[in-house]
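Below is one structure, written out as structure tokens; comments come after it.
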Amino acid sequence: MKIVVGLGNPGLKYEFTRHNVGFRIVDNLARDMKIEFKKTKSYYSLISRGMIKNQQVILVKPQTFMNLSGRAVSRVISYYRISPQDLLIVYDDLNLELGQIRIRKMGSAGGHKGMESIIQYLNTENIPRLRIGIGNPSLNFNFDYVSYVLTNFKHDEEDKIDEVIQRSTQAIKTTIEDDFENTMRKYNRKLIEP
């Protein structure tokens with residue numbers, strides 16, 4: 019069994035923000051798998067179940083708001099009795115160019131508050147993840163990154179994001195179907211060269 023967790027903030031207000039790209043990817047995977055999400059209060063999440071190549075896959079969208087994602091994820095893995103290594107966390111990353119994806123088996127939160135919460139609740143950095151580049155408009159330390167991640171993608175960025183969502187969906191399926199190292203070699207590169 020694998021659990022794929024897309025990170026984001028609940029509510030229509032945040033639906034198309036940069037910070038919600040994890041939700042959008044997991045939504046796309048659910049459509050691809052022809053499954054629907056159901057609200058589960060005990061896990062503080064929307065949950066969907068399906069199969070990819072004879073492997074049971076559970077999709078999760080925490081409804082706790084980003085900074086408390088660990089609360090929901092810890093409940094889900096406790097209920098299903100899986101280890102953190104059987105997770106795949108999908109989330110936005112300011113440190114990657116728009117259009118890049120990075121798949122890793124483990125690592126720090128890199129400043130991402132949702133991932134930081136998950137690492138804190140699970141007490142390990144040994145958690146597979148798929149990071150989605152949302153671009154970083156400034157090297158200025160005074161830049162308001164909190165406001166930036168809560169903005170929608172610009173009109174001219176949406177085509178690239180749509181491609182990233184499709185590519186990330188395929189990367190998740192490949193991660194479940196194939197060897198993790200092969201998946202990293204295949205997908206850890208820029209989507210579109212400038």
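Going by the working numbering, the first residue of the sequence shown is number 19, and it counts up by one from there.
Each residue gets a CB set at the ideal place from its N, CA and C atoms; glycine is no exception.
Check: By how many angstroms is the C-alpha of Ser-126 removed from the C-alpha of Gln-74?; Outcome: 28 Å
Check: Identify the residues that DSSP records as bridge partners of Thr-58: which are they?; Outcome: Ser-63
Check: Kindly list the residues whose CB is nearer than 8 Å to the CB of Asn-206, restricted to its own chain and excluding five residues on each side of it in sequence; keep chain order.; Outcome: Ile-119, Arg-120 and Ile-121
Check: Candidates Ile-190, Ile-194, Glu-195 and Arg-203: which alpha carbon is nearest Asp-45's?; Outcome: Ile-190
Check: When we look at the beta-carbon of Gln-138 and count the other beta-carbons within 10 Å, is it buried (16 or more) or exposed?; Outcome: exposed
Check: Where does Asp-111 fall in DSSP's three states?; Outcome: strand
Check: Within the continuous alpha helix (DSSP H) that includes Lys-191, where are the two ends?; Outcome: 173-195
Check: Over what stretch of residues does the alpha helix (DSSP H) that includes Leu-140 continue unbroken?; Outcome: 131-140
Check: To the nearest angstrom, report how far apart Lys-57 and Lys-172 are at their CA atoms.; Outcome: 30 Å
Check: Quick one: is Gln-103 buried, meaning 16 or more other Cβ sit within 10 Å of its Cβ, or exposed?; Outcome: exposed
Check: Any idea what DSSP makes of Lys-31, helix, strand or coil?; Outcome: helix
Check: If you compare alpha carbons, which of Asn-72, Lys-71, Val-78 and Glu-33 is closest to Phe-55?; Outcome: Val-78
Check: Going by beta carbon distance, what residues of the same chain come within less than 6 Å of Pro-212, once the five residues before and after it are set aside?; Outcome: Note on Pro-212: pLDDT 46, under 50, position unreliable in the model; the coordinate value appears next. Nothing meets the Cβ criterion.
Check: Please check the pair Ile-145 and Leu-105, which I expect to be a contact at CB under 8 Å, by giving their CB distance rounded to whole angstroms.; Outcome: 6 Å
Check: To the nearest angstrom, report how far apart Asp-111 and His-37 are at their CA atoms.; Outcome: 8 Å
Check: Expressed to the nearest angstrom, what Euclidean distance is found between the alpha-carbon atoms of Thr-35 and Asn-200?; Outcome: 31 Å
Check: Tell me which residue opens and which closes the alpha helix (DSSP H) that Lys-204 is part of.; Outcome: 198-205
Check: Report all residues from its chain with a CB closer than 7 Å to the CB of Thr-169; omit the five preceding and five following residues, and keep chain order.; Outcome: Thr-35 and Arg-36
Check: Alpha carbon to alpha carbon, how far is Leu-114 from Ser-92? Give it in angstroms, no decimals.; Outcome: 27 Å
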